[in-house]
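Accompanying notes for the structure given below.
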Amino acid sequence: MNDKKLVRAYVRIYGIVQGVFFRANTRRVAKRLGLTGYVRNMSDGSVEAVFEGEEDKVRQAIEWCRHGPPLARVERVDVRYEPYRGEYDDFYILY
């Protein structure tokens, strides 16, 4: 029996996070962790992501977002946990 808690996290990342391969690397990390959801650039220069999956894996993805890929300069990460929805079947980059 799988008793791992499933969660959903809405994450917004601020700083130098566009044009530095943040989305592609976030997708790679999320897929490696077995998470579903999406990542996309926002018009204000931030990056938005939704991670769904096992709580410990979601936390690992969020921790990665606090640093991002080598060219990124993350200034702030806002996280809001929501009820798990099982809304996605993969992890997507939205455009």
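Going by the working numbering, the sequence shown opens with residue 13, and the numbers climb by one from there.
Cβ coordinates follow ideal geometry from the N, Cα and C atoms, glycine included.
Residues of its chain near residue i, where Cβ-Cβ distance is below 7 angstroms and the 5 sequence neighbours each way are ignored
| i | result |
| --- | --- |
| residue 40 | none |
| residue 102 | 48 |
Sub-8 angstroms separation of residue i and residue j beta-carbons
| i | j | result |
| --- | --- | --- |
| residue 2 | residue 64 | The structure shown does not extend to residue 2, since the chain is modelled only from 13 to 107, so the question has no answer here. |
| residue 96 | residue 50 | no |
| residue 23 | residue 86 | no |
| residue 70 | residue 21 | yes |
| residue 19 | residue 93 | yes |
| residue 45 | residue 73 | yes |
| residue 34 | residue 59 | yes |
DSSP-derived helix/strand/coil call for residue i
| i | result |
| --- | --- |
| residue 61 | strand |
| residue 47 | coil |
| residue 68 | helix |
| residue 99 | coil |
| residue 41 | helix |
| residue 84 | coil |
| residue 78 | coil |
Own chain, CB closer than 6 angstroms to residue i, minus 5 neighbours either side, in chain order
| i | result |
| --- | --- |
| residue 62 | 22, 49 and 50 |
| residue 27 | 85, 86 and 87 |
| residue 37 | 81 |
| residue 43 | 103 |
| residue 106 | 50 and 52 |
Residue i beta carbon near the ligand NAP (any heavy atom closer than 7 angstroms)
| i | result |
| --- | --- |
| residue 100 | The model on display carries no ligand, and the ligand NAP is accordingly not part of it. |
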